[in-house]
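Residue numbers (the working numbering), protein chains in the order written: chain W, 862 to 1050; chain P, 302 to 410; chain S, 3 to 1016.
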């Protein structure tokens, strides 16, 4: 198999108030189905070893995890190299269930915004309350960032992981750079 | 700019996360229907001053359609509820009656 | 320190004492109209100009009258200047809200050739011939004069600042903020309300438009709980700064209040420090649980003749300049008032060692109030029942003529002075309260509108979400202000679910003041000569006489009178003029003021920059440009980009020495003769899966999809419920349960949304899931007679005619890439559309270019794609369709299933207009001389319609030069077109020529379809 690349080849920018990084290849599988039935739960568990999180939540450990997308959709995260294998396992579990599991790894780009002021950068782009008591690790939110759809969560207290469409990756990267431009702290030091 | 709570994912978001989808609870008329019924389905809409039922989609969020009951005068949102229904839930209708006694909309009151 | 200079008469100047906001150790250099001037850190541009005796700052809009600084805050109507140069140039900036910085460049505007001498001032001499509505009445006829005389003249003379010519060098951003209680205004009331709200634990955000906390209180003085009010401000700020749940923002104006607690805050980050890093302005997009508008009050001018002569200022502003900036507007200041507050100005001037020759008080009061007594004790002459008949002087006040307020303006004496401090009473700043529907009450005691707290704007839950506090709520003494602010702050927190903490309201101490008396015209019986020199709206040059004329001419509604006279329509939005104007209007209409009402208050409170509104959306990120995985290759290989929605697709790949047209011709020809590659990644790809997937697609497409066999492809049409075409594309059946639907580039998101909508809202009991996998794949169309050979060279799967027939698809590998190959054709050639994972798109493209090198491979763009499909008569959504076209118009009856009982659009197609044989039908068009028909041109018919226009019988929907046929080809919709083959019809072009075109079949190339099926 030929080498696979991310949209921006792992671009990094750290000249501003937070560091912007394009994450390496991330396996992503869209799983659609009735989240309350056991086959779906089992498929998710088979893929990640994790239980399906509730609305507004994500369970993520490194590049493996489950994100609650909608009442009938889970985003399954797995190592990029294991997507085909994981899909096969899920498909086997779902053989007799009305469900849809499909590889979307290449359809997306993943970015990280990191640093103590990462919340400021996010709050300039998404109409979401990013104060520490409103958004914290473990939570998952789909919204818009400026003019494009995005989903995000916090791997830890100083870091956001953002998923957007691959075709919009350059826009997202440029957008994050503008939002993190030097001197744009909300509370000046 | 409105804020709405999506009943499908539970998120409360500003209007820019949503997409308005026009009047709720339309009955579809297909092949074989009368011209009047089809015209009503395709073109005729409520335009109330007051209580109104609308469709919205949480387009930047969970992607789901839902219904909202709203006052077109004050923009008060009485409640949001699932799209998979042909009429507003009784509980919501009672709540609206408490705030807007005597309201009516289409076949509902 | 500036060296002392000898002082001629009539000067404004810097005082040795006073200036609480200045850092007199830090001199700041700036320039005004090229003059190098000095100020201090802490100055506004206005205070620094006054300190340099620059009272004259601009010319008025209509009459070009000399105008000086009137106010000290955002209500300033006159002191609008240009700031900066080139990429930092900005017109119409208020000197009173511009903080001085080293190197500031300001120029005055609206004058020609100079501020001191202005030709347009001749308008002032003609002002009696240019009353309200002058332009409306005068310039309607005759029309030709507009072009040559009126408009050039008006354009030369009119307008305030000029639009910037350079690209804005600064950056801007938005910031989404959330709080329980938002306090707008950082004066004493705002700070106290913030404290009372924050004590409950509520999250509080406080916005103050200036660079300082405390508002007017430190200037006006007084005590709270025995402590001087400036100390109280310091303590409140220090206490609030230490609270975790409180955010304080200076230089941030509450610009507008909108539905459901949405507020825009306008933060000016580097206006005062242009060399600092970071964005210039930040637009705060705030969502608040409850809002307290502690926006203070604005003093009203008095309407007397010559009240616009430079040197006539608001009494409060005169006081502000002395106390805050150590600047005297003049040595001798006459105070004219209808209330007690202006006495504070007289006393402040006196205590700064300046002369107050007289206080002209329009009232007649039985006993002296405390402030009157204090003024008299300070040796100031007070004339009760008197006013200004007129101001003496032209570009600068030289004195006032005194008259009795009750009379018609007989001059009793003239008093020399170089400034006039006027006060017509105070108006609460109700703008933000009113933006979202807060109602107002008329308060007779203070002759003002104030918020009707029982009629607050309603939020998402139906409860009021705005509370006014302090002066903004019509309270003026410190006693009332502190009590009100405490109560409103606490109530706001309670409204958002926090429990009030016990605690005493702070006790403000105020002096008793004598009641004010409304004075709308001075003197009361002023004749027409005086009234036509009594200005209401300084910026738009509206006088008392103009409003009276409007009323006389029947503009009785305040909204009509406003538009007819332009009262309050300037950039200051009538902050000084509105109440005075509608009092005059009410008087003219002989009705009480509340009956006249106010005009509508609309955001923003003061103008905000376009940059702030745009935020980050400029330059590279103006809009999200979508790029395919091969975008960079295209860019490096001559792509001439075409926007297709937000996507950028190569229109053509232009080589050195070629025009774009040359490139299109080359690509089109090469694809028919050799091998073309098209980046088709943008086409929508939607997975539809489930037991009911076939049934669902049968509803969505006009033709039958459920009968499609796995491994096969079928072209399908989609209509909306109203019957019009919305999309088309090839559907591939993957397995029994699964289909993959291709959409147009523009349709990927909308058709995915369309599917979700029907599944969620109508057929929610059908077992179907859909997923938009458009971007998972890079898709390449490999097209041309040598396409198969290229793929065979890559190797890995059988792509022969037998193994992979036309309209079939197969999974496999090619050149080591996992691929899905669709044998479909949008060109009429042998064609494979190949999908690989997006992350390998570029590598796959490279591999195709390499194996095709000696097969004559060339990438081709969207224009070649268009020509190739037009040669075959294939329709294009968006060209042949425009939202009013049905499949029947395009000869696509074959794609309308007769077996299906229902599909979206089927019922609509039976409506009378849809079944009308007079609908225009698709045909091919060939010009008789081989030229290219203009796209969109209409075919004319005999006769004329009711509007006298030529009748039409068709239009061109697509038109190209076909290099393969060596002539122009076109498609069009023509009346009875298919029945008129061979007939020649006329298409007038916009260039005056008429094109003759023959009606032909729309399939120009390979009508039997043999080439695609090899």
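The C-beta atom is built at its ideal place from N, Cα and C for all residues, glycine as well. Remember, predicted model here, so these are calculated numbers, not experimental data.
Under a 10 Å Cβ-count criterion, residue 450/S is classified as buried, with 16 or more other Cβ atoms of the shown protein chains found around its own Cβ. Listed in chain order, the non-local C-beta contacts of residue 397/S below 7 Å within the same chain comprise 58, 68 and 312, local neighbours out to five positions each way being set aside.
Assigned with DSSP and collapsed to three states, residue 57/S falls in coil, not helix or strand. Against chain S, the CB of residue 1008/W has a partner CB under 9 Å away; the residue lies at that interface. The three-state reading of DSSP puts residue 582/S in helix, counting H, G and I together.
By the CB criterion at 9 Å, residue 731/S and residue 812/S fall outside the cutoff. Residue 381/P sits in a strand when the DSSP states are folded into three classes. Annotation: the segment 295 to 383 of chain S contains the following complete segments of the alpha helix (DSSP H) (minimum length 4 residues), in chain order: 317 to 327, 343 to 353 and 372 to 379.
Of all residues in the segment 905 to 929 of chain W, only 916 and 917 place a beta-carbon less than 7 Å from a beta-carbon of chain P. With 16 or more other CB atoms across the displayed protein chains lying within 10 angstroms of its CB, residue 389/P is buried. Nearest in C-alpha terms to residue 579/S, of all of 29/S, 65/S and 80/S, is 80/S. Burial is judged here by how many other beta carbons sit within 10 angstroms of a residue's own beta carbon; residue 859/S has at least 16 and is buried. Annotation: the continuous alpha helix (DSSP H) that includes residue 789/S extends over 789 to 796.
Beta-bridge analysis with DSSP links residue 38/S to 33/S.
Beta-bridge partners of residue 95/S (DSSP): 83/S. Residue contact with chain W for residue 500/S: absent (no Cβ-Cβ distance below 9 Å to any residue of chain W). Neighbourhood of residue 382/P in chain W, by CB distance below 9 Å: empty, with the nearest CB roughly 14 Å away.
Under DSSP, residue 1000/W takes part in a beta bridge, and its partners are 918/W. In terms of Cβ geometry, residue 938/W and residue 924/W form a close pair [threshold 9 Å].
With contacts defined by Cβ atoms closer than 9 Å, residue 793/S and residue 836/S form a contacting pair. Using a C-beta cut-off of 8 Å, the segment 406 to 424 of chain S makes contact with the segment 331 to 341 of chain S, since at least three inter-stretch Cβ pairs fall below that distance. In this structure, the alpha-carbon of residue 354/S lies about 29 Å from that of residue 414/S. Note on geometry: alpha-carbon atoms of residue 553/S and residue 590/S lie some 6 Å from one another. Going by DSSP, residue 849/S is part of no beta strand (DSSP E) but of the alpha helix (DSSP H) stretching over 843 to 853. In the DSSP assignment, the residues bridged to residue 744/S are 687/S.
In the structure shown, the three-state DSSP call for residue 959/W is coil.
Here residue 895/S is exposed. Its C-beta has fewer than 16 other C-beta atoms within 10 Å. At the C-beta level, residue 319/S and residue 73/S come within 9 Å of one another. In the assembly as shown, residue 198/S is a buried residue. Its beta-carbon has 16 or more other beta-carbons within 10 Å. DSSP, reduced to helix, strand and coil, places residue 183/S within a strand of the structure shown.
Among the residues facing chain P, residue 908/S is included, as its CB has a counterpart in that chain under 9 Å away. For residue 1017/W and residue 687/S, the gap between their C-alpha atoms comes out near 35 Å.
The alpha-carbon separation between residue 99/S and residue 77/S amounts to approximately 9 Å. Close CB contacts of residue 616/S within its chain, under the 7 Å cut and outside five residues either way in sequence, are with 174 (chain order). DSSP, read as helix, strand or coil, puts residue 821/S in strand. Contact check for residue 494/S and residue 183/S: beta-carbon distance about 5 Å, within the 8 Å limit, so the pair qualifies.
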